[in-house]
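Note that the sequence shown covers residues 1 to 556 in the working numbering.
Following: one structure in structure tokens, then a few remarks.
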Amino acid sequence: MYKQVSLFAAVVVMLVLSSTSTSAHFLWLDSESSGETRVGLLFFGESLRDRNYHLPAAIADAKIYARTGEGKREMVTTTPRETEDYVGLEMPLSEGELVALETACEYGIYAGSKLCYYAQHLLPSADGNIAVVTASELKLNIVIRSKAGGLAATVLWEGKPLEGAVVTLIDPDGETLEETSDALGEVFFVLSKAGQIGLMTNHSEKEKSGEFNGQKYKGQANYSTLTLNFTPQRETSLPAKKVSTIKKLKQTKHSFGPPLPEAISSFGAAVNNDWLYIYSGHTGKAHQHSCENLSNTFARLKLSDPTDWELLEMQSPLQGMALVSCGENLYRVGGLQPQNTPREEEDLRSVDEFSRFNTATGRWTALQSLPAGRSSHDAAVLDGKIYVVGGWTLTGDRSGDWQTLALVYDTSAGDGGEWKELSLPPFQRRALALATWNERIWVLGGMDENADIQRTVYSFDPSTNTWEQGPLMPGDDMQGFGISAWGLDSGLYVSGTDGKLYRLADPAGQWEVVSELETPSVVHRLVPDGRGGLLASGGASLMDGHLREVESIKVH
Numbered sequence: 001m002y003k004q005v006s007l008f009a010a011v012v013v014m015l016v017l018s019s020t021s022t023s024a025h026f027l028w029l030d031s032e033s034s035g036e037t038r039v040g041l042l043f044f045g046e047s048l049r050d051r052n053y054h055l056p057a058a059i060a061d062a063k064i065y066a067r068t069g070e071g072k073r074e075m076v077t078t079t080p081r082e083t084e085d086y087v088g089l090e091m092p093l094s095e096g097e098l099v100a101l102e103t104a105c106e107y108g109i110y111a112g113s114k115l116c117y118y119a120q121h122l123l124p125s126a127d128g129n130i131a132v133v134t135a136s137e138l139k140l141n142i143v144i145r146s147k148a149g150g151l152a153a154t155v156l157w158e159g160k161p162l163e164g165a166v167v168t169l170i171d172p173d174g175e176t177l178e179e180t181s182d183a184l185g186e187v188f189f190v191l192s193k194a195g196q197i198g199l200m201t202n203h204s205e206k207e208k209s210g211e212f213n214g215q216k217y218k219g220q221a222n223y224s225t226l227t228l229n230f231t232p233q234r235e236t237s238l239p240a241k242k243v244s245t246i247k248k249l250k251q252t253k254h255s256f257g258p259p260l261p262e263a264i265s266s267f268g269a270a271v272n273n274d275w276l277y278i279y280s281g282h283t284g285k286a287h288q289h290s291c292e293n294l295s296n297t298f299a300r301l302k303l304s305d306p307t308d309w310e311l312l313e314m315q316s317p318l319q320g321m322a323l324v325s326c327g328e329n330l331y332r333v334g335g336l337q338p339q340n341t342p343r344e345e346e347d348l349r350s351v352d353e354f355s356r357f358n359t360a361t362g363r364w365t366a367l368q369s370l371p372a373g374r375s376s377h378d379a380a381v382l383d384g385k386i387y388v389v390g391g392w393t394l395t396g397d398r399s400g401d402w403q404t405l406a407l408v409y410d411t412s413a414g415d416g417g418e419w420k421e422l423s424l425p426p427f428q429r430r431a432l433a434l435a436t437w438n439e440r441i442w443v444l445g446g447m448d449e450n451a452d453i454q455r456t457v458y459s460f461d462p463s464t465n466t467w468e469q470g471p472l473m474p475g476d477d478m479q480g481f482g483i484s485a486w487g488l489d490s491g492l493y494v495s496g497t498d499g500k501l502y503r504l505a506d507p508a509g510q511w512e513v514v515s516e517l518e519t520p521s522v523v524h525r526l527v528p529d530g531r532g533g534l535l536a537s538g539g540a541s542l543m544d545g546h547l548r549e550v551e552s553i554k555v556h
């Protein structure tokens with residue numbers, strides 16, 4: 001469902017240039033030192049290093065802007081420059097806190113389609129750090145961050161994450177790497193060598209039509225490039241010991257205790273008695289799913305004395321699983337376990353594992369497996385029974401089989417329990433949230449079988465085995481993906497991409513905003529803090545990547 005042709009192949013299809021990918025040309029910005037000053041460059045070439053192709057008139061008229069660290073933009077003056085190895089524009093850059101050059105150019109009509117180019121160059125900084133620049137003026141924008149092990153990038157279209165965008169990286173040796181953005185618009189490249197790099201991506205608006213310079217067009221092709229001098233960030237590792245002594249890294253006024261043992265998303269979290277437990281998840285060390293970017297951490301933090309994380313016996317490293325609490329036990333349900341390395345083709349496997357963790361003895365016990373492998377689902381507990389809804393089964397690539405059945409497991413049966421089917425849900429979802437509230441199981445948001453994000457709310461009544469639709473969640477179009485929810489006596493709570501905490505106090509009422517997270521994220525976890533409030537743990541943030549913070553949220 002998420003497969004797309006490569007960036008270069010898309011260019012060839014759109015432009016009908018030739019049968020080879022290298023015949024496509026892109027708009028590039030760069031800079032160089034000239035004595036004691038720095039000069040900006042704009043050129044039109046097949047790659048970052050192809051700088052002597054003739055400059056089309058539409059490109060030569062492009063308006064180029066310099067951006068400061070405070071986000072201010074001013075247009076710079078350009079002059080033509082043509083030598084044996086360079087054909088393009090140059091522009092002297094003023095002294096000061098400039099962090100980037102950027103331009104947007106409507107090239108014109110080609111093969112009946114309108115072509116638009118967006119280019120950005122991050123200027124070198126004195127401290128060697130990469131400036132995080134989000135250029136809202138560029139409809140198609142690549143925002144990058146240096147992370148341990150490589151480079152992370154987020155593709156934005158009109159300010160929102162773009163899923164399925166093929167991003168090509170040209171490394172310092174001129175070699176190319178290719179990754180496809182996820183639902184958050186994110187990719188990660190394993191990169192350890194310093195030097196000049198370039199990134200390219202594209203986005204097609206096939207249904208767009210109109211008139212440009214007197215010519216009609218059908219479809220618009222948008223291309224974006226980004227260049228910078230890359231310096232690798234050194235990898236860090238945790239001490240191997242029973243109790244971690246990790247100190248607070250990012251602390252805000254609402255931080256709770258020490259950070260998570262590592263930055264994670266799509267993990268399991270549960271509260272049992274006076275302990276917060278977290279299990280495995282996606283570490284973000286490589287964007288594309290692989291066996292190397294699964295966390296090997298199972299740990300707990302005492303809520304009444306949140307000083308140190310205690311490391312526990314780990315079982316299968318997983319992401320997209322559910323971890324729930326019932327009685328004196330925790331239960332781990334399903335999950336995703338990639339079999340490939342970062343350099344290999346994705347081999348994604350949903351597991352059918354179902355295990356119980358005894359919080360008193362610290363031991364795991366395998367229970368009856370799920371009827372089929374399941375990941376990207378969620379689970380909740382009501383009256384000693386575990387309810388599982390949503391998800392899909394992956395058996396290699398990302399074209400999974402949707403799990404349409406909702407299941408229940410009665411923990412009172414001990415080791416001899418069985419999974420039973422509930423009445424068929426009137427929806428198909430993954431990346432959804434489950435919560436228990438008002439004697440019902442609530443199912444919120446998620447992505448449907450057409451890859452559309454939904455803000456729908458349903459509740460399941462165990463006493464009648466029936467489903468009922470509730471009030472639509474507020475928020476933007478991305479709000480329903482990777483959300484987290486929890487039910488307290490004061491209401492049903494949910495948080496998602498906009499960072500707001502919404503509450504439904506009356507099943508027949510409307511949602512209201514009661515708080516706001518300091519760092520908006522998705523694929524995080526909401527759990528109770530034991531004092532009538534909530535804790536928001538981990539997740540993925542658009543600007544900060546994977547998170548380690550545990551945030552305390554008051555709901556009154």
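Even for Gly, the Cβ is constructed at its ideal location relative to N, Cα and C.
Being a predicted model, the structure only gives us computed values, none of them experimental.
DSSP three-state assignment for residue i, whether helix, strand or coil
i, result
"residue 186", "strand"
"residue 411", "helix"
"residue 292", "helix"
"residue 210", "strand"
"residue 247", "Unreliable placement is indicated for residue 247, whose pLDDT of 32 sits below 50; no coordinate value is reported for it."
"residue 416", "helix"
"residue 541", "strand"
"residue 546", "strand"
"residue 265", "strand"
"residue 29", "strand"
"residue 381", "strand"
"residue 345", "coil"
Status (buried if at least 16 other CB within 10 Å, exposed otherwise) for residue i
i, result
"residue 75", "exposed"
"residue 455", "buried"
"residue 61", "exposed"
"residue 541", "buried"
"residue 227", "buried"
"residue 20", "Per-residue confidence for residue 20 stands at a pLDDT of 28, beneath the threshold of 50, marking its modelled position as unreliable; no derived number is given."
"residue 236", "Because the pLDDT at residue 236 is just 38, under 50, the model does not fix this residue reliably, and the value given afterwards should be weighed accordingly. Under this definition residue 236 is an exposed residue."
"residue 114", "buried"
"residue 426", "exposed"
"residue 147", "buried"
"residue 195", "exposed"
"residue 202", "buried"
"residue 500", "buried"
"residue 510", "exposed"
Candidates the options, of which the one nearest residue i by Cα
i, options, result
"residue 152", "178, 520 and 204", "178"
"residue 390", "449, 436 and 369", "449"
"residue 396", "426, 378 and 348", "348"
"residue 355", "342, 344 and 332", "332"
"residue 105", "297, 220 and 402", "220"
"residue 72", "90, 58, 98 and 88", "98"
"residue 521", "491, 506, 387 and 481", "481"
"residue 42", "34, 109, 70 and 102", "102"
"residue 48", "261, 224 and 193", "224"
"residue 380", "363, 199, 63 and 271", "271"
"residue 423", "140, 208 and 467", "467"
"residue 310", "503, 486 and 362", "362"
"residue 325", "351, 367 and 384", "384"
First and last residue of the uninterrupted alpha helix (DSSP H) at residue i
i, result
"residue 59", "57–60"
One or two residues paired with residue i in a DSSP bridge
i, result
"residue 205", "220"
"residue 80", "89"
"residue 402", "392"
"residue 151", "146 and 189"
"residue 227", "121 and 198"
"residue 457", "444"
Span of the beta strand (DSSP E), counted from its first residue to its last, around residue i
i, result
"residue 524", "It is not in any beta strand (DSSP E) - residue 524 carries neither H nor E in the DSSP assignment."
"residue 491", "491–495"
"residue 68", "64–68"
"residue 121", "113–122"
"residue 358", "354–358"
"residue 553", "550–553"
"residue 256", "Taken as a continuous stretch (DSSP letters only), residue 256 belongs to no beta strand (DSSP E), as it is neither H nor E."
"residue 434", "433–437"
"residue 180", "176–180"
"residue 297", "From DSSP, residue 297 is part of no beta strand (DSSP E); its letter is neither H nor E."
"residue 141", "140–147"
"residue 53", "Note, residue 53: premise wrong, no beta strand (DSSP E); not H, not E."
"residue 38", "37–45"
"residue 466", "466–469"
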